[in-house]
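Asks: In this note's numbering, the protein residues as written are 7 to 346.
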Ligand SMILES: [Zn+2]
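#1: On the three-pair Cβ rule with 8 Å, is the segment 154-168 touching the segment 215-224?
#2: Look up residue 114 in the DSSP assignment and say whether it is helix, strand or coil.
#3: Among 146, 241, 130 and 138, whose alpha-carbon lies nearest the alpha-carbon of residue 191?
#4: For residue 282, which residues does DSSP report across the bridge?
#5: Along the alpha helix (DSSP H) that carries residue 257, what are the first and last residues, could you check?
#6: Can you give me the C-alpha to C-alpha distance between residue 31 and residue 260, rounded to a whole angstrom?
#7: Given a cut-off of 8 Å, decide if residue 74 and residue 119 are closer than it, judged by their beta-carbon atoms.
#8: Relative to ligand 1, is the shortest distance from any of its heavy atoms to the C-beta of residue 211 smaller than 7 Å?
#9: Which runs of the alpha helix (DSSP H) fall wholly inside the segment 138-163 and span at least 4 residues, in chain order?
#10: Between which two residues does the alpha helix (DSSP H) harbouring residue 127 extend?
#11: Is the segment 272-286 touching the segment 229-240, taking contact as three or more C-beta pairs under 8 Å?
#12: Closest by CA to residue 199, which one among 112, 181, 80 and 173?
#13: Quick check: does the Cβ of residue 283 come within less than 7 Å of any heavy atom belonging to ligand 1?
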């Protein structure tokens with residue numbers, strides 16, 4: 007596999023062939039920078055029309071028939087393993103109070119640099135998720151605390167690649183849970199692609215001010231005030247090519263009301279299926295398949311796993327799970343290089 011460095015002057019060779027940046031990206035900038043500052047006021051339709059994004063602009067984009075995929079490490083969530091794999095801890099008559107297992111799971115997003123328009127898959131948590139005035143309800147903060155500082159958040163990760171929010175053409179949201187859709191509001195000129203059932207389900211919780219779900223009312227409220235460019239994928243919509251080499255997979259209901267995956271062709275391997283929470287971990291994938299602790303539609307979850315298996319087998323593609331600790335540790339992150 008060919009690995010290419012980001013900045014020629016900043017790399018050193020390693021025995022394994024991977025080039026690594028010598029400099030550490032400073033954990034500053036995006037909160038103050040004009041590109042990544044949180045939008046202050048909703049844009050009017052006239053303002054949006056007047057400002058046409060240039061998808062090819064910026065340091066990383068180029069004219070080429072290939073794509074590059076950068077894996078973004080967006081920190082971790084700390085939680086009870088039963089949420090990941092149902093019944094991981096089971097009490098018995100002999101052992102009525104077994105200790106629970108708390109684990110740290112990776113949060114990720116994927117930036118695909120493409121000559122026909124850059125694509126982002128998922129956005130991680132909102133940088134202001136926590137604290138007394140945080141976006142997330144206190145109960146959510148206690149059950150799923152985020153481990154990682156500002157340097158792990160999406161704006162900082164993309165800024166380190168020299169990418170601003172207006173350089174992303176398509177933002178594909180696997181679903182709208184707070185650890186995947188937290189940074190939606192930054193992408194005011196992008197097409198935000200989400201499953202229609204997911205969008206409607208999330209906004210039902212918003213309308214009811216239901217704070218006991220992974221849909222954060224504060225995030226949804228912010229989105230509703232902005233003039234965002236949503237593209238809803240209906241329940242019956244077929245899979246479709248987003249840009250050459252990047253295919254949108256309509257998984258339907260399962261983990262959440264409506265899940266979207268991405269099938270990414272890479273020159274250096276048979277391809278990668280990005281499935282997010284349609285399958286949290288290799289343990290859920292099996293075989294045998296193990297259901298997660300959080301699931302809207304358990305039958306849909308099982309159907310989706312079978313579908314993923316079929317697509318992966320046909321292409322010989324790898325499946326990259328949503329929150330698998332060991333697999334994510336083995337994947338090259340944007341700070342070390344990219345896949346193409
Ligand atoms: Zn989820």
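C-beta: ideal position from N, C-alpha, C; glycine also.
Replies: Working from what's here:
#1: no
#2: The residue you call residue 114 lines up with position 108 of the chain shown. Three-state DSSP puts residue 114 in a strand.
#3: In the chain shown, counting from the first residue as 1, residue 191 sits at position 185. If we check each option's Cα against that of residue 191, 130 comes out closest.
#4: Counted from its first residue, the chain shown places residue 282 at position 276. Partner(s): 327.
#5: To locate residue 257, count along the chain shown from 1; it is residue 251. Premise fails: residue 257 lies in the beta strand (DSSP E), 252-258, not in any alpha helix (DSSP H).
#6: Taking the first residue of the chain shown as position 1, residue 31 is located at position 25. Taking the first residue of the chain shown as position 1, residue 260 is located at position 254. Low confidence applies here, because residue 31 scores a pLDDT of 37, under 50, leaving its location unreliable; read the following figure in that light. Going from the Cα of residue 31 to the Cα of residue 260 covers about 38 Å.
#7: If you number the chain shown from 1, residue 119 lands on position 113. If you number the chain shown from 1, residue 74 lands on position 68. Their beta carbons are under 8 Å apart, which means residue 119 touches residue 74 by this criterion.
#8: The count along the chain shown starts at 1 and reaches residue 211 at position 205. No, since every heavy atom of ligand 1 falls outside the 7 Å radius drawn around the Cβ of residue 211.
#9: 144-149
#10: Residue numbering aside, residue 127 sits at position 121 when the chain shown is read from its first letter. Premise fails: residue 127 lies in the beta strand (DSSP E), 125-127, not in any alpha helix (DSSP H).
#11: no
#12: As a position in the chain shown, residue 199 is number 193, starting the count at 1. With distances taken between Cα atoms, residue 199 lies closest to 181.
#13: Stepping through the chain shown from its first residue, residue 283 is reached at position 277. Yes.
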